[in-house]
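Residue numbers (this note's numbering): 5 to 427. Notes to accompany the following structure.
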DNA sequence: GTATGGAGAGGTTCGGTTCT
DNA sequence: AGAACCGAACCTCTCCATAC
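Given below as structure tokens:
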């Protein structure tokens, strides 16, 4: 975020590579587009598959929709076409196309989209590719995935190779001989971003030489050879109306701030996590305070701090409850732990429900059609007490089907989803 | 029988915190 | 150090219930 951190990044790179302070390391500075990342796979020069990449591993298959983008070539161009080629890029909507789309939405008396990124993400998830086609999405490509043969030795040459193959790349990327030059690019973009046709949220610096990139490698999922230098996030002031306590699967009590709704960075924010007891004390957040909020990474609402001069007279420090707000059991904080936990265990409805939610989640048993609300309702009605009960639900099918909001279709779907996981 | 609205689910975005 | 998990907002899709 600061220029110092960018300097530090290059120092780290040099140290890792065993280079001297004065040795040059070439960087490529590319604007960080505020869109959604996609991966395209080409086999024998033809588009075979396109997907979003939610967590960096797998994503939704949106091939048919991606085919409708003018920036996604159906066939690769040129004479040097690799047998298989995977490229990553960013799909986005220009500000002009976004405004036009919202005008059309208004004309059709449909709700407007909140911002270009959400509009782009929504457009790409359409079932009917014709709708996607009508939405005017754009894309820039900038990274390699699986490659059957090397097509470049540096990032800069790779971008050139991508263009020759028929991909659109961002024309304002720059090859920089040093971090100073890269920072100059960043400063220039910070000034001119408002005039760009699309939203950017920062600049990415990449070590140009792929051989060096390979030596640098990754720390968990983050490459050591790249740094995302983000612009300062937009901030807003609002009132903190209340602090409520949520109870998680393991009994952890998590405080959440309820805010007077305020628009920040294109969306309306009304809640923000305060993480834990210590965090509240550290920031000295009190009910009634005026707080400054931003969206971390331009996504997650976050309380940056308070405006002390606006504190109402008599505002008291927040007293963290010593009892679970759901079941009334003692909430204790073990020495060395940050969290205060409800000791109710399975007696606590919140914990039981959270356990069930976890059980059906995608990372566990992955049972479709059983979300928070239904689990809460089933628990309340005594239809479901623990994970094992899920596999006994079919015995109470008639009861289930009689419930409000449930019909033969939804019940059938749920039974099928459970049966599928029984094996 | 058909259109419309609402609720719920699930997926996407990302950073921060905590656990292993 | 690395992975898991959580949080908030938005969007689409599916299904049920209601109105006509």
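Cβ coordinates follow ideal geometry from the N, Cα and C atoms, glycine included.
Excluding sequence positions up to five before and after residue 311, its CB lies within less than 8 Å of the CB of 241, 293, 294, 295 and 296, all in the same chain and listed in chain order. Ranking 219, 18, 171 and 325 by CA distance to the CA of residue 75 puts 171 first. By the criterion of a C-beta distance shorter than 7 Å, residue 176 is surrounded in its chain by 35, once the five residues flanking it on both sides are discounted.
Counted as a single uninterrupted DSSP element, the beta strand (DSSP E) harbouring residue 180 occupies residues 178-180. Distance from the CA of residue 321 to the CA of residue 290, rounded to the nearest whole angstrom, comes to 5 Å.
For residue 9, the enclosing alpha helix (DSSP H) stretches over residues 7-21.
Following the DSSP letters along the chain, one finds residue 419 inside the alpha helix (DSSP H) bounded by residues 412-426. Using a 10 angstroms sphere on the CB of residue 263, the tally of other CB atoms reaches 16 or more, which defines it as buried. DSSP places residue 170 in the coil class of the three-state scheme, outside both helix and strand.
Leaving aside the five residues that flank residue 243 on each side, the residues in its chain whose CB is nearer than 8 Å to its CB run, in chain order, 263, 264, 292, 293, 294 and 295.
Cβ neighbours of residue 337 within its own chain (closer than 6 Å, five residues either side excluded): 344. Distances from the CA of residue 384 to each of 363, 370, 407 and 142 were compared; the closest alpha carbon is that of 407. According to the DSSP assignment, residue 83 belongs to no beta strand (DSSP E), since it is labelled neither H nor E. The segment 107-115 makes no contact with the segment 63-73: fewer than 3 CB pairs, one atom from each, lie closer than 8 Å. Rounded to the nearest angstrom, the gap between the Cα atoms of residue 10 and residue 358 is 41 Å. In this structure, residue 93 keeps its C-beta atom at 8 Å or more from the C-beta atom of residue 32.
Assignment of residue 363 by DSSP, reduced to helix, strand and coil, places it in the helix class. In this model, residue 304 and residue 276 are separated by some 8 Å (Cα to Cα). DSSP places residue 393 within a helical segment (H, G or I) once states are collapsed to three.
For a cut-off of 8 Å, the C-beta gap from residue 382 to residue 231 is around 48 Å, too long to register as a contact.
Secondary structure note for residue 136: it is in no beta strand (DSSP E), and the uninterrupted alpha helix (DSSP H) holding it is 133-137. Three or more beta-carbon pairs separated by less than 8 Å are not found between the segment 209-218 and the segment 271-288, which leaves the two stretches without contact. Taking a 10 Å sphere around the C-beta of residue 233, we find 16 or more other C-beta atoms and assign the residue as buried.
For residue 210, the enclosing beta strand (DSSP E) starts and ends at 204-211. Counting every other CB atom within 10 Å of its CB across the protein chains shown gives residue 208 a total of 16 or more, marking it as buried. For a cut-off of 8 Å, the C-beta gap from residue 51 to residue 71 is around 7 Å, short enough to register as a contact.
The C-beta distance from residue 141 to residue 131 rounds to 16 Å, too long to meet the 8 Å contact threshold.
CA-to-CA, the gap between residue 268 and residue 98 works out to about 20 Å. With 16 or more other Cβ atoms from the protein chains shown falling within 10 Å of its own Cβ, residue 163 counts as buried. If you ignore the 5 residues before and after residue 150, its C-beta comes within less than 7 Å of the C-beta of 88 and 90, all in its own chain and listed in chain order. The continuous beta strand (DSSP E) containing residue 234 extends over residues 230-234. Under the 8 Å Cβ criterion, the segment 189-204 does not count as touching the segment 20-28, having fewer than three qualifying pairs.
DSSP places residue 103 within a helical segment (H, G or I) once states are collapsed to three. Shortest Cα-Cα distance from residue 118 to any of 369, 257, 300 and 271 involves 271. Beta-bridge analysis with DSSP links residue 227 to 222.
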